[in-house]
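Engineer: Protein sequences appear in the order of chains G and S.
With our numbering applied, the first sequence covers 3 to 639.
With our numbering applied, the second sequence covers 750 to 1449.
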Amino acid sequence: MAKSKTKAQIIQANKKPFKKVKIDAITLDIIESAIRNARFEMDATVFRTAMSPGIREQHDAFPLIADRNGKMVVGQFGSFISGFLNNYDGTVEEGDVFFTNDPYKVEGAVSHANDWLIILPIYYDHRLVGWSCHFGHMTDNGGKVPGSMPTDATTIFEEGLVTPPTKLYKKGVLQETLLELMLNQVRLPQWNRSDLNAILAACRVAEKRVKEMCDRFGDDVYVSATQAALDRNLRAVGGLIMQAIGEEPVFFEDYIDDDGRGYGPYKIKCTMWREGKKVILDWEGTDPQAIGSINFYLNENMLKMFWGVYMIMVFDPEILFNDGFYDLIDVRIPQGTLLKPNFPAALSCRTHALGRIFDTFAALLGQKNPEFLAAAGFSSSPHFMYSGTDSRGEWYQLYQIGFGGIPARPHDDGPDGHSMWPSFTNVPQEYLEAYFPLRIEKHETVADTGGAGFFRGGNALRVDYCFLEDGEISIHDDRWLTYPWGVTGGEPGERSSKVMFRGGYDTGVVEHHQSKCDNIKVKSGDILAFITWGGGGVGNPLERPAEKVALEVQRGLVTAEGAKRYGVVCSNAGKVNEAATKKLRKEMQANRPKETPVFDKGPDLTTILANAEKETHLVAPRPPVFQASSKLAQAAE
Amino acid sequence: MSYVLGCDVGGTFTDLLLINEKTGETYRAKTPSTPADQSIGVMKGIKRICSDAGIKPTEVNELMHGTTVATNAILEGKGAKVGLIVTDGYRQVLQIGRSFVPGGLAGWIIWPKPEPLASLENTVEVNERIGARGDVVRKLDKDSVVEACKVLKKQKVKAVTVSLMNAFANGAHEKKIRTIVEKELPGIPVSLSHEVLPEMYEYERALTAVANSYVRPTVGKYLVNLERALKKKTGDCKYKVLRSDGGLMSFDNASDRPVSLMMSGPAGGVAGALWIAKQSGFKNLLTFDMGGTSTDVALIENGDPQLRRETRVGDVTVRMSSLDVRTVGAGGGSIGRVPELTGALRVGPESAGADPGPACYGQGGTEPTVTDANVALGHLPPSLIGGEMKLDVKASRAAIKKAVADPLKISVEAAAEGIVKIVNENMFGALRLVSIEQGYDPREFALIGFGGAGPLHANALGKLTGSWPVIIPPGPGVLCAYGDATTRVRNESSQTVVRRFSETSSKEVGKILQGLTKTAAQSLVKEGIPKKEHKVVWEIDIRYTGQGFALTVPCKVQDFDKNGLEKAAKAFDTSHTRMFTFALDAEHEVVNLRAIVMGDAPNVKAVKAGKGGPSAASAVIDDKHTVWADGKKHKAKIYDRAKLKAGNKIPGPAVITEFDSTTVILADCQGVVDKVGCILITPKGWKGAKKSASKSKAKK
């Protein structure tokens, strides 16, 4: 990738260069722990003060603390500050706080306009010593649909407010006009105001802590220590790469089922190999960008971090991750593809591609090391939105993230109905019922939806929303068509579905809805069953202990019928018929292929498409139509 | 004569403290704990302490007890088989929880998911539904309850919890179910979610009520056995047990609500610290209770410990008030090591425990622990006064050399210092959690160090936090028992009332608070505390409409005749600004109302230490000792604590030994013995604590 030059001009009243100090290992550990604690404080601040359930209850917000060059020392997704520094043509001064939600102006630091980002340069003794950043998903960002993620958008201009990097505070002074202008564009200004305040307060907490560390250790020591922390990670990940990644290329491809406009599936492909000390992640073969909003403008640094964290978690969870290893990864994404769309492609529904990238990583890292291989399950973070004006005349609007089956892991089952995203939690059903016109009739996982295996994939989650007011809903999900794959003999998990019971369960009026849709009108008394995907299984299901399968039948996580996929014959109460089980297992084992393929993706794509309507009640998508790079984009460059 | 007996059962030792109510004279005893049946150790201890004091057990008037029975049942997974009855559609309420997977991005790959406290095979649904406002959406189908009971009977559950959707708003269905369960499963205790925790959030409420059932048979049996044994010995005596929130309750009440005992142990430590610090004249405290495997810390402001609306033990977090005690998995037994890939020094959370213990115990331990590091640095002298055990210095050094010094290519002393520094940093992290992160400036607090290892590290922690003086109480190893013996009876009653301020009035809130006061007072009256001795405080949990978390604001019920809500809103805004740097121009919302009723505290005074001059020379038992600090050898003296007198000054570096603990004073600090025998450690030339204008809260 050609590195563009830093445009931003950093102003420091104190021009004295930092002295490089030798940091002993123990001081480094102390400073690293202290920065990590500061990050947890950022989380706590946001969760306690934000207002939207999406951030407050579900924690759809992500902090980081970076060194003075903008490299992440602690955080989750790696630093994207370089994207800001490369593109922001202006000054960075003490007391400034930057705001943006424009993916195209920060190289994908935020990947859709719902994510509001605060970037705060931290000064100590008038010298830049670091950065704190935080972004959070706003329930609403204006635009054509409530929730601001229109599935039918073709440009980012339909997705609401888009603000380039701008000073929200200039030398410590709040730019009130800017803030009021922003808040005037959204449907829930009070939530956005409070959430933005919360994010900013978290950045301030980090700023305070970094300054305290400079007080305590000296600023030269602090700055040197952040460099040392990055170096240490570089060494650790470097060692790991040499151990775990081969020079022979491995590749994997997976799909996003559709774009919400009737086209699909879209292919995501990645080839990985090592050249000397460097790992190459080459996305050649990924489909061109979509006309609709499923494009994912992927920040390359963030991708490096995603990959790095995955590798660390798979192979050696002891390593603390930061941006130190970035130079060891070379990311190649062809321009104009789904993962690097041309401006002004719509981006709001990028969550599906994001999830699929993680499935791809799991497959790439594990296929040569099956003992470390987890199955698939990262469908996406499915979204559910419900809004309208209630009978008292008040506007209500819910944005909620759903969960599903965690894939079976190399050493354990996948948890049922849990989150694959860090720190996400569900909104308590009683909370939903107290604050929205909803009654949640069911909140449970669905038996047999987890892929069978020696380790079982987690079950899909089913949430039945009974609407108590007329309104409209949006649904964003995926994996309704292709399967969350199983590995090393494990079966794929079940696919997702969305079923509407008009007027209640008993009327017999049942509708199957697309996994991506907006503006679905609902009436009071309608019930939507929002069913997500199951995780894939790991290993041969016929070797899973029969008592374990039977216990899960008793627990309602597997049915007696479903137990047969494990070759287990048992009663509904979970009593094993040992003779019948022995016989069935023998028969089934004989029918298994001699060589177990690494991946089981279910039927091939042609068969899946041919059977789609019969199996899912939804028309199969048409092959994607790709458009040439947009004229507007060329004009903008 | 009448005596008060405090009794704290810890993981290793049962500590007892007998106090003469008239004279304040005290006796201490320590006996090994008997984990299989803690009451055996307790009875042995009582026998010993009464004979030491030369009194008859019948002279004991009151027994206050801190217990880890509930804690251990959860930690060891040895609670009862619980049956759970839920609303149709919610069988997996514990299985799904909050869908949360800890550990950050890709953390799911390695997370070991704990089993729910009530298994799914023992969880049954009944047909009924209460709406969010307490309205009955579907009437309770009694036949479905009878069916559910059949399943639970077949599963042989030992306790039952009923937790229905929105029961916090209307508990009628839960009550009806209890009646049926009591008929179908006679003798099985039933816990109702709306009684255990009348608050919103179905998972948290269910979990709390299930935890109550989970520990109920164990705690109930223990208390019944103990009471029977005690009655035989002591005759007519009041028995009370310490709750997680630092209050006392009768054995009877505790048997019904054992979930409130989950942090009984650490609460004793806080209460003990509070009591001795009060005698010593300190009101703002950070408590630092360091044991073998873990360390508990808490913050006390103006004599009031901070309360938290949750209790966490192991994987289980329940919504029960507890003293805001944070626990880190770092203690004397924590093991130091250097993972190959990162080459970074890590300490804990793995612990050598009691078996094999640190290398220096000579019981086969080969991995270097924090205790070993203290041995190598000279903080723990090779032979402890009054101790039966000799410490194997060679073994400590060898373990440190192999696991830490050699991989890092540094000296044994530097490695030992590294281990101690890292573990101190971890504990500093916990102290920050209760202080800085709550908006308090630790420099405005004194730090009190106790527990087996607390006095070894307290001085270093004082340097990190800037909390002076560092207080080492007399008998730091049995401080929890002091806490048990000096606590007051306390009961609280709370109710969730989610209303915007515009939807309610001061008058309405006042009325509810009065009702809660009445309810809370009843159990004190039942425990024989007359109304005129009750002290009541009220709290109101407030948030901005739309927020998820509420802040607790103290209030006065009298104010609600007039502008109580207004006052509470102001206090909330101030508190919000202090904690989060901003307040909002948004509407306030009441979430919970609470009344807390307390009885009088027992009048226990600390014994005055004998007076002495500034010189502590007569207490020196070794003046040729060496300690290591900053990579250098320092000459140090070892003192016998029993010989120290009030007014004695001890310049650092010094090591002070006593029968249950060892205190370290660092080179640039000094200790002074105060009138009640506490050692107050401060930096040499220290000018006094940082003081702020108003309360001790840190200003933004």
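The beta-carbon is built from N, C-alpha and C at its ideal position, and this holds for glycine as well.
The model shown is predicted, which means the values in this text are computed figures rather than measured ones.
Near Q369/G, what residues of its chain come up, given a Cβ to Cβ distance below 6 Å and the 5 sequence neighbours on each side ignored?
Structural biologist: Here residue 369/G refers to the residue found at position 367 when the first sequence is read from its first residue. For Q369/G, where only same-chain residues beyond five positions count, the Cβ hits under 6 Å are V252 and V600.
Engineer: Can you name the residues of chain G whose CB is closer than 8 Å to the CB of Q1244/S?
Structural biologist: The sequence position of residue 1244/S within the second sequence is 495, counting from 1. By Cβ distance, chain G contributes nothing, its closest Cβ being about 15 Å from Q1244/S, past 8 Å.
Engineer: At the level of alpha carbons, what is the spacing between H478/G and P1225/S?
Structural biologist: One-based indexing of the first sequence puts residue 478/G at position 476. One-based indexing of the second sequence puts residue 1225/S at position 476. If you take the alpha carbons of H478/G and P1225/S, they lie about 59 Å apart.
Engineer: Run through DSSP, which three-state label would L349/G get?
Structural biologist: The residue given as residue 349/G occupies position 347 in the first sequence. L349/G falls in the coil class under three-state DSSP.
Engineer: Could you check which residue in A1395/S, A1378/S and Y1110/S has the C-alpha nearest to that of L1401/S?
Structural biologist: Here residue 1401/S corresponds to residue number 652 of the second sequence, with the count starting at 1. For the sequence presented, residue 1401/S should be read as Gly rather than Leu. Ranking A1395/S, A1378/S and Y1110/S by Cα distance to G1401/S puts A1378/S first.
Engineer: Below 9 Å on C-beta distance, what does W193/G contact in chain S?
Structural biologist: On the first sequence, residue 193/G is found 191 positions in, with the first residue counted as 1. The contacting residues are G1295.
Engineer: For Q78/G, go through chain S and note every residue whose CB falls closer than 8 Å to its CB, in chain order.
Structural biologist: Numbered from its first residue, the first sequence carries residue 78/G at position 76. Correct list: G853 and L854.
Engineer: Between I121/G and chain S, is there a C-beta pair that is closer than 9 Å?
Structural biologist: Mapped onto the first sequence, residue 121/G falls at position 119. No, its Cβ sits nowhere closer than 9 Å to a Cβ of chain S.
Engineer: For the region 529–549 of chain G, list every residue whose C-beta sits within 7 Å of some C-beta in chain S, in sequence order.
Structural biologist: Flagged: no residues at all.
Engineer: How about S383/G: is its Cβ closer than 8 Å to a heavy atom in the ligand ZN?
Structural biologist: With respect to the ligand ZN, the structure shown offers nothing to examine, as it has no ligands at all.
Engineer: In whole angstroms, what is the alpha-carbon distance linking D837/S and K444/G?
Structural biologist: As a working note, residue 837/S is residue 88 in the second sequence. As a working note, residue 444/G is residue 442 in the first sequence. Answer to the nearest angstrom: the Cα atoms are 8 Å apart.
Engineer: To the nearest angstrom, how far is the alpha carbon of K1212/S from that of V112/G?
Structural biologist: Looking up residue 1212/S in the second sequence gives position 463. Looking up residue 112/G in the first sequence gives position 110. So the two alpha carbons sit approximately 42 Å from each other.
Engineer: Can you tell me where the beta strand (DSSP E) with Q60/G in it begins and where it stops?
Structural biologist: Taking the first sequence and counting its residues from 1, one reaches residue 60/G at position 58. Premise fails: Q60/G is in no beta strand (DSSP E) and is neither H nor E.
Engineer: Candidates G407/G, K17/G and R352/G: which alpha carbon is nearest G539/G's?
Structural biologist: Stepping through the first sequence from its first residue, residue 539/G is reached at position 537. Of the listed residues, the one whose Cα sits closest to G539/G is G407/G.
Engineer: Which stretch, first to last residue, makes up the alpha helix (DSSP H) that contains S1324/S?
Structural biologist: Locating residue 1324/S in the second sequence gives position 575, where the first residue counts as 1. Segment G1313 to F1329, the alpha helix (DSSP H) holding S1324/S.
Engineer: With a threshold of 16 other CB atoms inside 10 Å of the CB of Y776/S, please say whether the residue is buried or exposed.
Structural biologist: One-based indexing of the second sequence puts residue 776/S at position 27. By the neighbour-count rule (16 or more Cβ atoms within 10 Å), Y776/S is buried.
Engineer: Chain G partners of G1178/S, CB-CB under 7 Å?
Structural biologist: On the second sequence, position 429 is the one that residue 1178/S refers to. Within 7 Å Cβ-Cβ: S35 and N39.
Engineer: How is M641/G classed by DSSP in three states: helix, strand or coil?
Structural biologist: The displayed coordinates of chain G run from 3 to 639. Any statement about residue 641/G would go beyond what the structure contains.
Engineer: Of all the CB atoms in chain S, is at least one closer than 9 Å to the CB of H136/G?
Structural biologist: Translated into positions along the first sequence, residue 136/G becomes position 134. Not closer than 9 Å to any Cβ of chain S, the Cβ of H136/G fails to qualify, so no.
Engineer: Whole angstroms is fine: what's the gap from Y265/G's alpha carbon to A292/G's?
Structural biologist: Taking the first sequence and counting its residues from 1, the one referred to as residue 265/G is at position 263. Taking the first sequence and counting its residues from 1, the one referred to as residue 292/G is at position 290. The alpha-carbon atoms of Y265/G and A292/G are separated by roughly 9 Å.
Engineer: Hey, how far is the Cα of G473/G from the Cα of G505/G?
Structural biologist: Along the first sequence, read from residue 1 onward, the residue named residue 473/G stands at position 471. Along the first sequence, read from residue 1 onward, the residue named residue 505/G stands at position 503. Cα to Cα, G473/G sits roughly 14 Å from G505/G.
Engineer: So what's S1251/S in DSSP terms, helix, strand or just coil?
Structural biologist: Along the second sequence, read from residue 1 onward, the residue named residue 1251/S stands at position 502. Note: S1251/S maps to helix in three-state DSSP.
Engineer: Under 7 Å between beta-carbons, which chain S residues line up against V311/G? List them in chain order, please.
Structural biologist: Within the first sequence, numbered from 1, the residue matching residue 311/G stands at position 309. What V311/G touches in chain S: L854 and A855.
Engineer: Return the Cβ separation of C986/S and E811/S in integer angstroms, given the expectation that the two are a contact with Cβ distance under 8 Å.
Structural biologist: The residue labelled residue 986/S in the question sits at position 237 within the second sequence. The residue labelled residue 811/S in the question sits at position 62 within the second sequence. Rounded, the Cβ-Cβ distance is 7 Å, consistent with contact.
Engineer: Quick one: does H478/G have its CB under 9 Å from some CB of chain S?
Structural biologist: As a working mapping, residue 478/G is identified with position 476 in the first sequence. Chain S, which has no Cβ nearer than 9 Å to the Cβ of H478/G, makes this no.
Engineer: Using Cβ-Cβ distances below 8 Å, what residues of the region 553–570 of chain G are close to chain S?
Structural biologist: Hits within the stretch, in order: L553, Q556, R557, G558 and L559.
Engineer: Against chain S, with Cβ distances strictly below 9 Å, would K306/G count as a contact?
Structural biologist: Residue 306/G sits at position 304 when you count from the first residue of the first sequence. Judged by the 9 Å Cβ criterion, K306/G is not in contact with chain S.
Engineer: So what does DSSP say about V578/G, is it helix, strand or coil?
Structural biologist: By 1-based counting over the first sequence, the position of residue 578/G is 576. Strand, per DSSP.
Engineer: Just to check my reading of the structure: L1393/S and V1422/S have Cβ atoms closer than 8 Å, yes? What is that Cβ distance to the nearest angstrom?
Structural biologist: The residue labelled residue 1393/S in the question sits at position 644 within the second sequence. The residue labelled residue 1422/S in the question sits at position 673 within the second sequence. 5 Å between Cβ atoms; contact.
Engineer: So which residues on chain G does N974/S lean against when the C-beta distance must stay under 9 Å?
Structural biologist: By 1-based counting over the second sequence, the position of residue 974/S is 225. Ordered by position in chain G, no residue passes the 9 Å Cβ test against N974/S, which lies about 34 Å from the chain.
Engineer: If contact is defined by three or more beta carbon pairs under 8 Å, each pair taking one atom from either stretch, is the region 1197–1204 of chain S in contact with the region 1024–1039 of chain S?
Structural biologist: Touching, per the Cβ criterion.
Engineer: Nearest by alpha-carbon distance to W487/G: which of R587/G, E545/G and A364/G is it?
Structural biologist: Mapped onto the first sequence, residue 487/G falls at position 485. Out of R587/G, E545/G and A364/G, A364/G has the C-alpha closest to the C-alpha of W487/G.
Engineer: Return the first residue and the last residue of the beta strand (DSSP E) that W193/G is part of.
Structural biologist: Here residue 193/G is taken as the residue at index 191 of the first sequence, counted from 1. Counting along the chain, W193/G falls outside any beta strand (DSSP E), though it belongs to the alpha helix (DSSP H) covering P191 to F219.
Engineer: Of the choices D1389/S, K793/S and A1416/S, whose alpha-carbon is the least far from that of D1409/S?
Structural biologist: Position 660 of the second sequence holds residue 1409/S. Answer by Cα proximity: D1389/S.
Engineer: Going by beta carbon distance, what residues of the same chain come within less than 7 Å of E639/G, once the five residues before and after it are set aside?
Structural biologist: In the first sequence, the residue the question calls residue 639/G occupies position 637. At E639/G, the pLDDT of 40 sits below 50, so the modelled position is not reliable; the number obtained from the coordinates is stated separately. So the list is empty, once near-sequence residues are dropped.
Engineer: Could you check what DSSP says for E639/G in three-state terms: helix, strand or coil?
Structural biologist: Here residue 639/G refers to the residue found at position 637 when the first sequence is read from its first residue. Low confidence applies here, because E639/G scores a pLDDT of 40, under 50, leaving its location unreliable; read the following figure in that light. E639/G falls in the coil class under three-state DSSP.
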